[in-house]
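Enquirer:
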Amino acid sequence: MMIRLVVFALFVLLLAYGFSWFADRPGDLSLIWEGQIYQTKLIVAVSAIIALVAAVMIAWWFVRLIWTSPHSVTRYFRARKRDRGYQALSTGLIAAGAGNALLARKMAARSRGLIRADQEPLINLLEAQAALIEGRHDEARAKFEAMANDPETRELGLRGLYLEARRLGANEAARQYAEKAADNAPYLPWAAQATLEYRSQAGRWDDAIRLLEQQKAARVVEKAEANRLHAVLLTARAGEKLESDPAGARDDALQALKLSSDFIPAALIAAKALFREGGLRKAASILEQAWKSGPHPEIGRTYVRARSGDSTLDRLKRAERLEGMRPNNVESLLVVAQAALDAQEFAKARAKAEAAARMQPREAAFLLLADIEEAETGDQGRVRHWLAQALKAPRDPAWVADGFVSDKWLPVSPITGRLDAFEWKAPFGQIEGPIEDGSQPASIETALKTLPPLRDVKPESPVNDHRIIELERAATIAEAVRPTPAPARAKPKPVEPAASDKAPTPHEAKPFFGGLPDDPGVRDTRAEPEPKTRLRLF
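Counting in numbering that gives the first Met the number 0, the sequence shown runs from 0 upward without gaps.
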């Protein structure tokens, strides 16, 4: 519009300049036609010529208007009809989005009557949505198939067919629709993500990596996320190559570490592959870097047992080296405690395990203390004490994905098929802290949820019966939230040690966490005589 105004202004200026130029140069114009001489001023002749041209143009426009008037009238009514059809289509799409199936179906029929479906494919979409709302899934699938065969609506139709297949549980059909959409348009996030997950579930790591590179080139995913997923796929492929092709597994794992330097599974596979090839120093360096970034028990075990011919003392030294890298860390303490137990240095093992339990009381620390007690003293009472503490303590971190706990890392969740779903964390549903003896983590809300509903009893007495029901319910709630008292334990009578007996060690004199074990074991009648009491059964 702005360009037209500029052109019109330039034309007016040019015309005005032409008239002024002729006005500044007066003269006469003579014309001899059939023996007659016609003479006039030059400016008058120019004005007459311009007026004649304008008259011819106006006459031509008028004739053309009359000639094309039937077509103009037809076009006007066609445009009006099309506008009404698009208005109905817009209203129908809004109604379908709102869940109004009746209005959506009505507007779809009106749109089809005003607009041809081959000219506007959104009519098929509106009819498919109306069919979905009304529960006519067969009709909706037929509409989506028609849209999938149309080049303009192929992607829309494939997505509708994919969602219908997922709803019916036809995973193979859903996979085919997603792969077809991803092949035609790799920039579609839903198709690329679904295809990537399907190929990962089938173990087609090369195809999955190729698709991810196409997504990255099309900028469907962010660079950081693409690098993370690429590292996961490379690690999964390296895990499959570890037994048959250690060199290939090493290359894939090292490339995964370049993309994600703190990825623990990639560091483990790279180290194991290097161990098989004899690259002990490089593998140890990789594990040390991973340990510095975040201590992990699998990293510690792999590092300590790097050489199969090492003695238990050598392994203890390697464990202490890890502790020196990350001091005052629970995983470091547990690794050293386990290595010290294997080397039968029970004092060091007990000290490290107790320090870990004090720092973070959890299942692994108490189980390790039970193993130490079993190996050093064989006291079954104290062993059962530590096992009881382990049962009450929070669970150790594990590989968790969608509520599924795995003993090893997996690239794909077995529940939902999601890629890179496993995280190293405490499993769901665990108790947030250790349960003290004689207490239960109950609350009124929990008790209310577990209580049965009020009895539907018709009271015989309008005064007392309903009150009795309320009192019974309140008593049940109070009983649910009241902590269970610890069972009374018989305090053993101290025995005077003989002169020849060996002095007790400090951990025997005062067990860890105070108090005697829950199960003191079988009483030795030779060291502890029968207590004297007046009450005798026989």
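Backbone N, C-alpha and C define an ideal beta-carbon position, used for all residues, glycine too. Being a predicted model, the structure only gives us computed values, none of them experimental.
1. Round the Cβ separation of residue 142 and residue 127 to the nearest angstrom and send it over; I've been treating them as touching at under 8 angstroms.
2. Apart from the five residues on each side of it in sequence, which residues of its chain come closer than 6 angstroms, Cβ to Cβ, to residue 314?
3. Output the distance between the C-alpha atoms of residue 385 and residue 362, rounded to the nearest integer angstrom.
4. Enumerated in chain order, which unbroken segments of the alpha helix (DSSP H) with a length of 4 residues or greater are wholly contained in the segment 161-238?
5. Could you tell me the alpha carbon to alpha carbon distance between residue 375 and residue 345, rounded to whole angstroms?
6. Could you tell me which residues DSSP puts in a beta bridge with residue 39?
7. By Cβ distance, which residues of its chain are closer than 7 angstroms to residue 194, with the 5 residues on each side in sequence left out?
8. Which residue marks the beginning of the beta strand (DSSP E) containing residue 362, and which one marks its end?
9. Is the beta carbon of residue 167 closer than 8 angstroms to that of residue 146?
10. Cβ of residue 107 within 8 angstroms of Cβ of residue 132?
11. What does a CB cutoff of less than 7 angstroms around residue 624 pick up in its chain, not counting 5 residues either side in sequence?
12. For a minimum of 4 consecutive residues, which ranges assigned as the alpha helix (DSSP H) are wholly contained in the segment 258-330?
13. From what residue to what residue does the alpha helix (DSSP H) around residue 6 run?
14. Nearest to residue 398 by CA position, among 392, 407, 390 and 391, is which residue?
15. Per DSSP, what are the beta-bridge partners of residue 400 in this structure?
16. How long is the line joining the alpha carbons of residue 15 and residue 37, rounded to whole angstroms?
17. For residue 385, write down the residues that DSSP places opposite it in a beta bridge.
18. When DSSP labels each residue in this structure, what does residue 66 get in the three-state scheme?
19. If you follow the alpha helix (DSSP H) that residue 119 is part of, which residue opens it and which one closes it?
20. Output yes or no for whether 8 angstroms exceeds the beta carbon distance between residue 149 and residue 185.
21. Alpha carbon to alpha carbon, how far is residue 286 from residue 245? Give it in angstroms, no decimals.
22. With DSSP collapsed to three states, give me the class of residue 59.
23. Would the segment 280-298 and the segment 318-333 be scored as touching if the rule is three or more Cβ pairs under 8 angstroms?
24. In three-state DSSP terms, what is residue 422?
25. Check the C-beta distance from residue 369 over to residue 400 and give it rounded, since I have them as a contact under 8 angstroms.
26. Taking only the alpha-carbon atoms, compute the straight-line gap between residue 268 and residue 253 and give it to the nearest angstrom.
27. Which residues does DSSP pair with residue 411 in a beta bridge?
28. Distance check for residue 416 and residue 387, CA to CA, integer angstroms please.
29. If I'm right that residue 418 touches residue 426 with Cβ under 8 angstroms, what's the distance once you round it to whole angstroms?
Expert: To lay it out plainly:
1. About 4 angstroms separates the CB atoms of residue 142 and residue 127; that is less than 8 angstroms, so the two are in contact.
2. The residues are 303 and 338.
3. So the alpha carbons of these two residues sit roughly 10 angstroms apart.
4. Within the segment 161-238, the runs of alpha helix (DSSP H) that reach at least 4 residues and sit entirely inside it are, in chain order, 170-183, 188-200 and 204-216.
5. Their backbone Cα atoms lie some 7 angstroms apart in a straight line.
6. Beta-bridge analysis with DSSP links residue 39 to 28.
7. 177, 178, 181 and 210, listed in sequence order.
8. It is not in any beta strand (DSSP E) - residue 362 instead sits in the alpha helix (DSSP H) that spans 362-375.
9. In this structure, residue 167 does not lie closer than 8 angstroms to residue 146 by Cβ.
10. No Cβ-Cβ contact shorter than 8 angstroms links residue 107 with residue 132.
11. Because the chain spans 0 through 537 in this model, residue 624 falls outside it and cannot be assessed.
12. Runs of the alpha helix (DSSP H) inside the segment 258-330: 263-276, 279-292, 296-303 and 311-324.
13. Unbroken alpha helix (DSSP H) run through residue 6: 1-23.
14. Out of 392, 407, 390 and 391, 407 has the C-alpha closest to the C-alpha of residue 398.
15. According to DSSP, residue 400 bridges with 403.
16. Going from the Cα of residue 15 to the Cα of residue 37 covers about 27 angstroms.
17. As far as DSSP is concerned, residue 385 takes part in no beta bridge.
18. The answer is helix: DSSP assigns residue 66 an H, G or I state.
19. Residue 119 -> no alpha helix (DSSP H), and no H or E assigned at all.
20. No, the pair does not count as a contact, with Cβ atoms beyond the cut-off.
21. Between the alpha carbons of residue 245 and residue 286 lies a gap of roughly 17 angstroms.
22. Of the three classes helix, strand and coil, the one that applies to residue 59 here is helix, per DSSP.
23. With the cut-off at 8 angstroms, the segment 280-298 and the segment 318-333 touch.
24. Here DSSP, grouped into helix, strand and coil, assigns residue 422 to strand.
25. Between residue 400 and residue 369 the Cβ distance is about 30 angstroms, and since that is not below 8 angstroms, they are no contact.
26. Inter-residue distance for residue 268 and residue 253 is about 9 angstroms (C-alpha atoms, whole angstroms).
27. The partner list for residue 411 (beta bridge, DSSP) reads 418.
28. Cα-Cα distance, rounded: 37 angstroms.
29. Contact doesn't hold; Cβ gap of about 21 angstroms is too wide.
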